[in-house]
Amino acid sequence: MINDIVAIFHDYWLLLLIGQYPNGPLGGLANTLILSALSIALAFPLSILLALARLSKWPFLRWPVTVLVYVTRGVPLLMLILWSYFLVPLLTGADVPSFVTMLTTLVVYQAAFLSEVVRAGIVALGHGQMEAAKALGHGYFGAMRFVILPQALYNMIPSILSTFVSTIKDTTLGYVINVPDLTFAASQVNNQLLTQPFQVFLILAVIYYAICWSLTHVAYRLERRITRRRAGLNGVRAATVIAPVKIISEQL
Amino acid sequence: MTGFDLSAILTNPEFVAMLLHGIEMTFVIAIGSWILAMTLAILLLALRFSPGRFGNAFVAGYVSYHRNVPTLVQLMLWYFGIFTLLPDWLTYWLASHNAEAIFAIIGLGLCQAAYFSEDLRSGLRSVSPGQMEAARALGHGYISAMRFVMMPQGVRNALPPLINHSVSLFKNSSLGVVIGASELTHAVKEIENLSFRTFEIYLIGTLLYLFFSLLIMAGGAYVSMRADPATRARA
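Sequence order for the protein chains is P and R.
Be aware that the first sequence starts at 751, since it is given in the working numbering, and climbs by one per residue.
Be aware that the second sequence starts at 265, since it is given in the working numbering, and climbs by one per residue.
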C-alpha cells in the first residue's frame, strides 16, 4: 500500500502540481491555488460594496443584496455552478473556459458570504465611531474610508483567510464542469491507473489536508495576535490572554 | 428553442415523478446523514471529555481531517476508493442496495459529525463549570449531571451553529450527484438532458432547494426561540 502510494506520487507529482501545463492548460494544484486566490481577490472588494449596500438606508439598495445573500446561502454551490455554466456563455455570447465559469460562481458566492462578515465587522464597531467621524467633519464616504473600514477590515483578516480556505475546498466542485484543478488531475491519474483508486484519492485528501490545515493554523495565529492587539496587550505573555475562537467560515 | 414555459415540465408526469423521487432521495440522504452525524457527534464529545489522552487526540485528529479535506474529496475517497477495498459479499450487498446513497450518507454523516461535535463542545464550554459543581453537590452523578444540567444548557448555546450546519448538510446532499446518487440535483440534470429546458428546470431546482433551506432556517429559529427561557413564555 505505502509502496503504491509512493510510486503514484513519484510518477504523477508533476501532473498533480501543474496539470498538463506545457502541452495543455495549466491545471493541478497550481490552478486550484490561482483560482482560489483570484476569487478571493475579486470577491473581497465586491463584498465590501455588498455590505455597504445592505447597511444602506435606501431600500432599493438593501433589498436586492439581501435577496442575493439569502439565495446564495440557501442554494447549494453545485446548483450555482450549473447556473453559471448555463448563463455565462449565454450572456457573454462566447465560448467561455470552465475556469472562468467557476471563477464567476466563486466570486459571487464568496462575496455574498464575506459581505456578512464585513457587515458584522462594521456593526460590531458600534455607532460611536461613525458619529465621532461625522462630528470631526467627515462625510459618509470619508468616515467609511478613513475610520470605519480600516478598523472593521483589520479585525476581519483571519475571517478572510478562513474564507480562502473554504474557497480552496469549494474549487473541488469545479470537477462537475471539468475545471482542470487538483481534483480533476487526481481523477485523470485514477483513469490512467484504474486499479488503485483508494491510493490516488488518499493522496488527494492528504494534499488538501496539508494545505488547508496550514492555512487554518495561520488564521488562528493571526486571530490570537489581533485579539491581543485589540485588547492593548502587545507585550503581555500569550498565556494570559485566551482568544475567543470566532473564525467564521462556511463549511464545504 | 421556444420561450419560457414552466408548464412543459410541471405538466409532464414523467418529469414530475423524477423531481419527486429526487426530493425524496435528497431527504433520505440529508436526514440519514444528519442522524448519523448527531449520534457520532455525541460519541465524539463523550470521548473528548473522557479522561485519558488517547480519546482527546483521536477526536482532535478526526475533527481536523474532516474539516480540512473538502467534502467532495471525502465522498470520492469513500465511493471510488474504500468501496473497492471492501470484501466481495459486502460489495455485492451494497451494489444491490443503492450503494451511491449509502456512501453519500456515510461520507456526509462522518464529515458533519466533526462539525456537530465541535458545535456541541463550544456550547458546553460556555456553560459555567459552577453548574457542574452545583449539580454534583446536589447529588447528581457525572452522567446524570451531564444529562440534566450541562447538556440542556450546552445544546441551547450550540443551537445557532447547529442550525447553520444542518442547512449546510442539506445543501451538501447535492454533492451526492458526483458519486451518482439519484437526488434532486441529479434529477434536475436528467430532466435538463431530456427536455432541453435548461432555464426552467434549473429555476425549479433552485427554488426547491431555496424553499427547503429557508424552511430549515425558519424551523431552527423557532426551536431557538422555544429553547430560550427569555422568549419561551411568549412562544
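Note that beta-carbon positions come from the ideal geometry of N, C-alpha and C, so glycine has one too.
From a predicted model like this one, the values you see are computed outputs, not experimental measurements.
**Report entry** Alpha carbon of Y890 of chain P to alpha carbon of I898 of chain P, nearest angstrom
**Finding:** In the first sequence, residue 890 of chain P corresponds to position 140, counting from 1. In the first sequence, residue 898 of chain P corresponds to position 148, counting from 1. Near 10 Å, if we compare the C-alpha coordinates of I898 of chain P and Y890 of chain P.
Report task. Could you check if D269 of chain R is buried or exposed, using at least 16 other CB atoms within 10 Å of its CB as the buried criterion? Result -> Locating residue 269 of chain R in the second sequence gives position 5, counting from the first residue. Exposed, by the Cβ-count rule.
Query raised in the report: Shortest alpha-carbon distance to A969 of chain P belongs to which of P:I957, P:L779 and P:L911?
Result: Sequence index remark: in the first sequence, residue 969 of chain P carries index 219 (1-based). The residue among P:I957, P:L779 and P:L911 with its C-alpha nearest the C-alpha of A969 of chain P is P:L911.
Query raised in the report: For L309 of chain R, which residues of its own chain have a beta-carbon under 7 Å away from its beta-carbon, when the five flanking residues on both sides are left out?
Result: Residue 309 of chain R sits at position 45 when you count from the first residue of the second sequence. Spatial neighbours of L309 of chain R in its own chain (CB-CB distance under 7 Å, excluding positions within 5 residues in sequence) are listed in chain order as S381, L384 and R385.
Query raised in the report: Of the choices P:Q949, P:Y904 and P:F914, whose alpha-carbon is the least far from that of D754 of chain P?
Result: Your numbering for residue 754 of chain P matches position 4 in the first sequence. With distances taken between Cα atoms, D754 of chain P lies closest to P:Q949.
Query raised in the report: For the stretch 329-347 of chain R, which residues have a beta carbon sitting closer than 8 Å to at least one beta carbon of chain P?
Result: Those would be Y329, R331, N332, V333, P334, T335, L336, V337, Q338, M340, L341, F344, G345 and I346, in chain order.
Query raised in the report: DSSP on G267 of chain R, reduced to helix/strand/coil?
Result: The residue given as residue 267 of chain R occupies position 3 in the second sequence. It is coil, neither helix nor strand.
Query raised in the report: Does DSSP put G1016 of chain P in a helix, a strand or coil?
Result: Any property of residue 1016 of chain P remains undetermined from this structure, which presents chain P solely from 751 to 1002.
**Report entry** is_contact[V819 of chain P, chain R] using C-beta, thresh 8 Å
**Finding:** Translated into positions along the first sequence, residue 819 of chain P becomes position 69. Under the 8 Å criterion on CB atoms, V819 of chain P is classed as non-interfacial with respect to chain R.
Query raised in the report: Is E364 of chain R buried or exposed, if buried means 16 or more other CB atoms sit within 10 Å of its CB?
Result: Against the second sequence, residue 364 of chain R aligns to sequence position 100. Label assigned to E364 of chain R: buried.
Query raised in the report: In whole angstroms, what is the alpha-carbon distance linking L474 of chain R and N773 of chain P?
Result: Along the second sequence, read from residue 1 onward, the residue named residue 474 of chain R stands at position 210. Along the first sequence, read from residue 1 onward, the residue named residue 773 of chain P stands at position 23. When rounded, the distance between both Cα atoms is 42 Å.
Query raised in the report: Between A409 of chain R and A422 of chain R, which are expected to be in contact by the criterion C-beta below 8 Å, what is the C-beta distance as a whole number of angstroms?
Result: Residue mapping note: residue 409 of chain R aligns to position 145 of the second sequence, counting from 1. Residue mapping note: residue 422 of chain R aligns to position 158 of the second sequence, counting from 1. About 18 Å; that fails the 8 Å criterion.
Query raised in the report: What does a CB cutoff of less than 6 Å around Y762 of chain P pick up in its chain, not counting 5 residues either side in sequence?
Result: Start at 1 with the first residue of the first sequence, and residue 762 of chain P comes out as number 12. Excluding sequence neighbours, Y762 of chain P sits near V939.
Query raised in the report: For the putative contact between I907 of chain P and I976 of chain P, defined by C-beta atoms under 8 Å, what is the C-beta separation to the nearest angstrom?
Result: In the first sequence, residue 907 of chain P corresponds to position 157, counting from 1. In the first sequence, residue 976 of chain P corresponds to position 226, counting from 1. Between I907 of chain P and I976 of chain P a beta carbon distance of about 7 Å is seen, short of the 8 Å cut, so the two are scored as contacting.
Report task. For P994 of chain P, count neighbouring C-beta atoms within 10 Å of its own C-beta (all shown protein chains included) and say buried if the count is 16 or more, exposed if not. Result -> Looking up residue 994 of chain P in the first sequence gives position 244. A caution first: P994 of chain P carries a pLDDT of 42, below 50, which makes its placement in the model unreliable, though a value can still be read off. That one is exposed.
Requested in this report: In the DSSP assignment, find the alpha helix (DSSP H) that holds S806 of chain P and state where it starts and stops.
Outcome: Your numbering for residue 806 of chain P matches position 56 in the first sequence. Run containing S806 of chain P: none; DSSP gives neither H nor E here.
Query - Alpha-carbon spacing of T822 of chain P relative to P334 of chain R, whole angstroms - result: The sequence position of residue 822 of chain P within the first sequence is 72, counting from 1. The sequence position of residue 334 of chain R within the second sequence is 70, counting from 1. Going from the Cα of T822 of chain P to the Cα of P334 of chain R covers about 19 Å.
Query - Supposed contact pair R804 of chain P and R895 of chain P - C-beta distance, whole angstroms, cut 8 Å - result: Working through the first sequence from its first residue, we reach residue 895 of chain P at position 145. Working through the first sequence from its first residue, we reach residue 804 of chain P at position 54. The Cβ separation is near 18 Å, so there is no contact.
Query raised in the report: Would you say L800 of chain P and V815 of chain P are within 8 Å of each other, going by their C-beta atoms?
Result: Start at 1 with the first residue of the first sequence, and residue 800 of chain P comes out as number 50. Start at 1 with the first residue of the first sequence, and residue 815 of chain P comes out as number 65. One thing to note: L800 of chain P has its Cβ within 8 Å of the Cβ of V815 of chain P.
**Report entry** Closer than 8 Å to chain P by CB, S477 of chain R
**Finding:** As a position in the second sequence, residue 477 of chain R is number 213, starting the count at 1. The Cβ of S477 of chain R sits closer than 8 Å to at least one Cβ of chain P.
Query raised in the report: Exposed or buried, which one is G777 of chain P when buried takes at least 16 other CB atoms within 10 Å?
Result: For this step, residue 777 of chain P is matched to residue 27 along the first sequence. The Cβ neighbour count for G777 of chain P, taken over all protein chains shown within 10 Å, is at least 16; the residue is labelled buried.
Requested in this report: For L944 of chain P, name the three-state secondary structure that DSSP assigns.
Outcome: Residue mapping note: residue 944 of chain P aligns to position 194 of the first sequence, counting from 1. L944 of chain P carries a coil assignment under DSSP once its states are collapsed to helix, strand and coil.
Query raised in the report: Among P:T921, P:Y835, P:H967 and P:P930, which one has its Cα closest to the Cα of I790 of chain P?
Result: Reading the first sequence from its first residue, position 40 is the one you call residue 790 of chain P. Ranking P:T921, P:Y835, P:H967 and P:P930 by CA distance to the CA of I790 of chain P puts P:T921 first.
Query raised in the report: So, is T449 of chain R buried or exposed, given that buried needs 16 or more other C-beta atoms within 10 angstroms?
Result: Mapped onto the second sequence, residue 449 of chain R falls at position 185. Classification for T449 of chain R: buried.
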